[in-house]
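Read in my numbering, the sequence shown has 108 at position 108, and its numbers run on one by one without any break. Backbone N, C-alpha and C fix where the C-beta goes; we use that ideal spot for every residue, glycine too. See structure below.
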Amino acid sequence: MHPTVVCWALLIVGLLGQQSAPSSGTSTSLDFEVFKNKIQPIFLAKRPGHARCVSCHSSGTPLRLQPIPTGASNWNEEDSRKNFEVIRRVAIPGNPRSRLLVHPLDEQAGGDFFHNGGKHWSSQSDPEWQTLKAWVLGETGR
1 MHPTVVCWAL LIVGLLGQQS APSSGTSTSL DFEVFKNKIQ PIFLAKRPGH
51 ARCVSCHSSG TPLRLQPIPT GASNWNEEDS RKNFEVIRRV AIPGNPRSRL
101 LVHPLDEQAG GDFFHNGGKH WSSQSDPEWQ TLKAWVLGET GR
């Protein structure tokens, strides 16, 4: 195959993979207080057959949450802000196809094909997944 064709193919695949917020004319932003009080607890939740998100995502992965301090059951304010900045990379405001939503969701339910930690939600009806979606879409109240 000609190198130019390969370059164009890679460029197109890369562009298709880019996430951008829908251009519906509405402005959506991610709410830190909702993140701290409703989203972070999801990362700490134990699900049957799965490790907690924080177990893998506090070390050894590109999407790195702050580790929970020894003896603590949650993050402090400073670590929560750091986690918020990390998660903003995969939670594009207003975009229902954000990686935060599709990566840990079963492929049959609309997720992508692979997540090292397994597929935590088999349905978009799962309450935790619904909480994540509402936050990304700006539909949560405090």
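Ranked by Cα distance from GLN130, the options ILE39, VAL90, VAL86, PRO93 are led by ILE39.
Per DSSP, the beta-bridge partners of TRP121 are LEU105. For ARG52 and PRO104, the gap between their C-alpha atoms comes out near 12 Å. The C-alpha of THR140 is placed about 31 Å away from the C-alpha of GLY60. Counting only unbroken stretches of 4 or more residues, the alpha helix (DSSP H) elements lying wholly within the segment 30 to 57 are 40 to 44, 53 to 57, in sequence order. Distance from the CA atom of SER125 to the CA atom of ALA91, rounded to whole angstroms, is 19 Å.
Rounded to whole angstroms, LYS36 and HIS57 show a C-alpha spacing of 16 Å.
Assigned with DSSP and collapsed to three states, ARG64 falls in coil, not helix or strand.
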